[in-house]
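Chemist: Here's a structure for you.
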Amino acid sequence: MTNEVVILTHALSKSYGRGEAVRGLNLSVGRNCITAFLGRNGAGKSTTIKMLLGMIRPTAGSGTVLGKRITDAEANRQMRQRVAYVAEDKPLYGYMTVEQTINFARSFYSDWRIDIEKKLLLDFELPANRKVKSLSKGMRTKLALLLAFARHPELLILDEPSEGLDPVGIEYLLRTLVSCSAEGVSVFFSSHQIAEVERVADHICILEKGCLLMDASVDQVRQSYRRIDMVFPAPPPEHEFRILGVETIKTAGRQMSIFASRNAEAVVERAQDLSAVSVEVAPVSLRDVFLETVREN
Amino acid sequence: MLWYKAWLETRSRFLTCLVTLTIFSSVFVHHALHISCLNTLPCSEKISSKFTPEFHRLLFINQQYVVIIWILAVVLLGMGGIVCEKALGTSSLTLALPISRARLMRVRVATGVFQAIALGVVPWVTVFVISSRAGMPISITQVASYVLLLIGGGLVYFAMAILISSLVSGEYTAPALAFGVVLLAAMLFDNWLRRFNVWRLVTGDLSIDRSTFLLSKHLPWLGILASLFFAVLMVLASIRAIQRREF
Chain A
436 MTNEVVILTH ALSKSYGRGE AVRGLNLSVG RNCITAFLGR NGAGKSTTIK MLLGMIRPTA
496 GSGTVLGKRI TDAEANRQMR QRVAYVAEDK PLYGYMTVEQ TINFARSFYS DWRIDIEKKL
556 LLDFELPANR KVKSLSKGMR TKLALLLAFA RHPELLILDE PSEGLDPVGI EYLLRTLVSC
616 SAEGVSVFFS SHQIAEVERV ADHICILEKG CLLMDASVDQ VRQSYRRIDM VFPAPPPEHE
676 FRILGVETIK TAGRQMSIFA SRNAEAVVER AQDLSAVSVE VAPVSLRDVF LETVREN
Chain B
101 MLWYKAWLET RSRFLTCLVT LTIFSSVFVH HALHISCLNT LPCSEKISSK FTPEFHRLLF
161 INQQYVVIIW ILAVVLLGMG GIVCEKALGT SSLTLALPIS RARLMRVRVA TGVFQAIALG
221 VVPWVTVFVI SSRAGMPISI TQVASYVLLL IGGGLVYFAM AILISSLVSG EYTAPALAFG
281 VVLLAAMLFD NWLRRFNVWR LVTGDLSIDR STFLLSKHLP WLGILASLFF AVLMVLASIR
341 AIQRREF
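Note that the protein sequences, when read in sequence, are chains A and B.
Take 436 as the starting number for the first sequence in the numbering used here and just add one per residue.
Take 101 as the starting number for the second sequence in the numbering used here and just add one per residue.
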């Protein structure tokens, strides 16, 4: 990740009555990166995105997108000129045809890429004259993505972009995200499909109950997170393994399983000191990291 | 293209109301011709001078019915917008566009005003053209006065619909509430505030000469201006509400 950031928030919070949707979020999204925004349903991902786009006002804190303050209406409008957003429910005007929708969106952006528009129209097999309300969910998702990609924005914000797409569509989407990033577009997307995230993301942020639990590069996660399964001659003392980097410890009789975000070597050393019968260190998938992180909290 | 969107959004409502009003006005002229034939049996080409006040009375009655349909139409045209889009789930597409909320509202209001004017002008032009061709005693000044009263005095109903649709979400809640307010206001003003009754202003009841059924040359400009002033206030309040609202 470069030092330059496209999204930066400081103690960003949003409350609805007594409920806190987002709590003191300090988010930093790098330029030219694909950043995945992960979290369970209701974790505050969509609320955060809506605050970034000026649709809702933060209760506290501040933030900038492409250097523009999110709470300043005019700055936010200028920022939206350079940002493409696809919302979770892929909203489109049902009374317009596909062609009318494209013409409507095109009129707001001087840097609209007709070549991308035509290519995607063809690749997605979208019927130009059909009313949007009669399109299938997958087709609507494709049209929403076309509108975002043809903009050729500086920043793409996508909320659950693969929802409603078939496997072929998902594959196309992932490739397009990678090629967009290669062309200098920063991508910030939320998803529940962790396998997809693992394939394309450079960076992940995990949100749980409005708090940012993890902000790390995917490479860093792959290199440092480990699961260590050990068997001892007698039930092992858990406290011996409570060291820096150990996130969770599960013990069942003589067996112990440790999930570590770093310091796997130190854990192995301790296990050997305690005469472990067997020690197995395995890399963990992003899915496991996500599940362990949210479960722990 | 925001104008185009506003047009696509409202065109079916607008065209339905326009056709209804135009057909109604044409039927009115046909009815007037029928009455004139009854009055001047055998039906002569020249309209009886006795019929002139009767025709003007019919014009006045026509205005009452046109006003009812026109108010229903402009309240319907005032529905929709970004709050309704929130209920339908499309507001995030509109709000992600690089345009201010105030501009969104301005375009929506301007489109609605043009449509409201068309809904006031077209039926009365129809009445004028058909009546003139049939040799009826109709003057352009009377028609223009009816249109002026209708639009100048009645735009407050449109502004009220815009305000309600900016405050109340729900595809059906907002129109139900707006029609409720129209009825309530009609009853309230008719019973306790007759001098300030917008309905009487718009229908011409405040400026009609009961013997000739002609509108006075001195139109109630103060009433029209006051009505327009409240309309502008309500539109400004709507813009403010939309700017402050969270989606």
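All residues carry an ideal CB built from backbone N, CA and C; glycine is no exception.
Report the rounded CA-to-CA distance for Thr437(A) versus Gln655(A), giving the unit in angstroms.
Modeler: Because the pLDDT of Thr437(A) is 47, which lies under 50, any placement of that residue in the model is unreliable, and the number read from its coordinates should be weighed accordingly. Whole-angstrom Cα-Cα distance: 15 Å.
Chemist: Any idea what DSSP makes of His445(A), helix, strand or coil?
Modeler: Looking at His445(A) - three-state DSSP - the assignment turns out to be strand.
Chemist: So, are the CB atoms of Asp594(A) and Ser621(A) less than 8 Å apart?
Modeler: Cβ distance not < 8 Å, so Asp594(A) and Ser621(A) don't count as in contact.
Chemist: Since Glu598(A) and Gly474(A) should fall inside the 8 Å C-beta cutoff, what is the C-beta to C-beta distance between them, to a whole number of angstroms?
Modeler: Glu598(A) to Gly474(A), Cβ: 15 Å. No contact.
Chemist: List, in chain order, every chain A residue whose beta-carbon is nearer than 9 Å to that of Met101(B).
Modeler: Asn538, Phe539, Ala540, Arg541, Ser542 and Phe543, listed in chain order.
Chemist: By DSSP, does Leu197(B) sit in helix, in strand, or in coil?
Modeler: Leu197(B) falls in the coil class under three-state DSSP.
Chemist: Determine, using beta-carbon pairs with one atom in the segment 444 to 464 of chain A and one in the segment 477 to 484 of chain A, whether at least three such pairs fall under 8 Å.
Modeler: These segments touch.
Chemist: Assuming Val207(B) and Ala106(B) make a contact with CB atoms under 8 Å, what is their CB distance in whole Å?
Modeler: With a Cβ gap of about 6 Å, Val207(B) and Ala106(B) count as contacting.
Chemist: Could you name the residues of chain B that Arg488(A) contacts, counting a contact when the two beta carbons are closer than 9 Å?
Modeler: Residue identity check: residue 488(A) is Leu in the sequence provided, not Arg. Here the neighbours are Ser192, Leu195 and Ala196.
Chemist: Along the segment 497 to 531 of chain A, what residues have a CB closer than 7 Å to any CB found in chain B?
Modeler: Within the segment 497 to 531 of chain A, the residues whose Cβ lies closer than 7 Å to some Cβ of chain B are Ala508, Arg512, Arg515, Gln516, Tyr520, Ala522, Asp524, Pro526, Leu527, Tyr528, Tyr530 and Met531, listed in chain order.
Chemist: Quick one, are the C-beta atoms of Ile264(B) and Ala274(B) less than 8 Å apart?
Modeler: The answer is yes: Cβ separation under 8 Å.
Chemist: Using 8 Å as the limit for Cβ to Cβ distance, is Ile491(A) near chain B?
Modeler: At least one chain B Cβ lies under 8 Å of Ile491(A).
Chemist: Taking buried to mean at least 16 other C-beta atoms within 10 Å of its own C-beta, is Asp708(A) buried or exposed?
Modeler: So Asp708(A) ends up on the exposed side.
Chemist: In this structure, does DSSP put Arg458(A) in helix, strand or coil?
Modeler: Correct three-state label for Arg458(A): strand.
Chemist: In the DSSP assignment, what residue or residues form a beta bridge with Thr683(A)?
Modeler: Per DSSP, Phe694(A).
Chemist: With a CB to CB cut of under 7 Å and the five nearest residues on each side skipped, what residues in its chain are close to Ala579(A)?
Modeler: Hits under 7 Å: Val521, Lys525 and Leu527.
Chemist: When you compare only the Cα positions, how much space is there between Gln343(B) and Glu185(B)?
Modeler: Their backbone Cα atoms lie some 15 Å apart in a straight line.
Chemist: Alpha carbon to alpha carbon, how far is Phe347(B) from Gly489(A)? Give it in angstroms, no decimals.
Modeler: About 9 Å.
Chemist: Here's the rule: buried if 16 or more other CB atoms are within 10 angstroms of the residue's CB, otherwise exposed. What is Glu509(A)?
Modeler: By the 10 Å Cβ count, Glu509(A) comes out exposed.
Chemist: Return yes when the Cβ of Gly252(B) is within less than 8 Å of the Cβ of Ile171(B), no when it is not.
Modeler: No, Cβ-Cβ distance for Ile171(B) and Gly252(B) is not below 8 Å.
Chemist: Taking the continuous beta strand (DSSP E) assigned at Pro718(A), which residues delimit it?
Modeler: From DSSP, the beta strand (DSSP E) with Pro718(A) extends over Ser713 to Pro718.
Chemist: Measure from the C-beta of Tyr272(B) to each C-beta in chain C and report whether the shortest distance is under 8 Å.
Modeler: No chain C appears in this structure, whose protein chains are A and B.
Chemist: Taking the straight line between their C-alpha atoms, what separation do you get for Leu197(B) and Leu582(A)?
Modeler: Approximately 11 Å between the Cα atoms of the pair.
Chemist: Apart from the five residues just before and just after Leu636(A), which ones in its own chain have a Cβ nearer than 7 Å to its Cβ?
Modeler: Checking the displayed sequence, the identity of residue 636(A) turns out to be Ala instead of Leu. For Ala636(A), where only same-chain residues beyond five positions count, the Cβ hits under 7 Å are Ile469, Thr470, Ala471 and Val653.
Chemist: Compare the C-beta of Phe189(B) against all C-beta atoms of chain A and say whether one is closer than 8 Å.
Modeler: The identity of residue 189(B) in the sequence shown is Gly, whereas the question assumes Phe. By this cut-off, Gly189(B) is an interface position.
Chemist: Taking only runs that begin and end inside the segment 106 to 132 of chain B, name each unbroken alpha helix (DSSP H) of 4 or more residues, in chain order.
Modeler: None, since the segment 106 to 132 of chain B contains no complete alpha helix (DSSP H) of that length.
Chemist: Look up Thr190(B) in the DSSP assignment and give the residues it is bridged to.
Modeler: For Thr190(B), which the question treats as bridged, DSSP gives no partner whatsoever.
Chemist: Determine the DSSP secondary structure at Ala585(A), reduced to helix, strand or coil.
Modeler: Coil.
Chemist: Establish whether the CB of Thr200(B) and some CB of chain A are separated by less than 8 Å.
Modeler: Strictly speaking, residue 200(B) in this sequence is Ser, with Thr absent from that position. Closer than 8 Å to some Cβ of chain A, the Cβ of Ser200(B) qualifies, so yes.
Chemist: Quick check on the burial criterion: 16 or more other C-beta atoms within 10 angstroms. Buried or exposed for His674(A)?
Modeler: Counting Cβ neighbours within 10 Å, His674(A) comes out exposed, since fewer than 16 surround it.
Chemist: For Leu301(B), collect the residues of the same chain with a Cβ closer than 8 Å to its Cβ; drop the 5 residues on either side in sequence, then sort them by chain order.
Modeler: The residues are Leu249, Gly253, Pro320, Gly323, Ile324 and Ser327.
Chemist: Kindly indicate if chain A contains any beta-carbon less than 8 Å away from that of Leu115(B).
Modeler: By this cut-off, Leu115(B) is not an interface position.
Chemist: Which of helix, strand or coil does DSSP assign to Leu642(A)?
Modeler: In this structure, Leu642(A) counts as strand in the three-state DSSP scheme.
Chemist: When the distance is taken between beta carbons, is Ile182(B) closer than 8 Å to Ser192(B)?
Modeler: No, they are not a contact pair.
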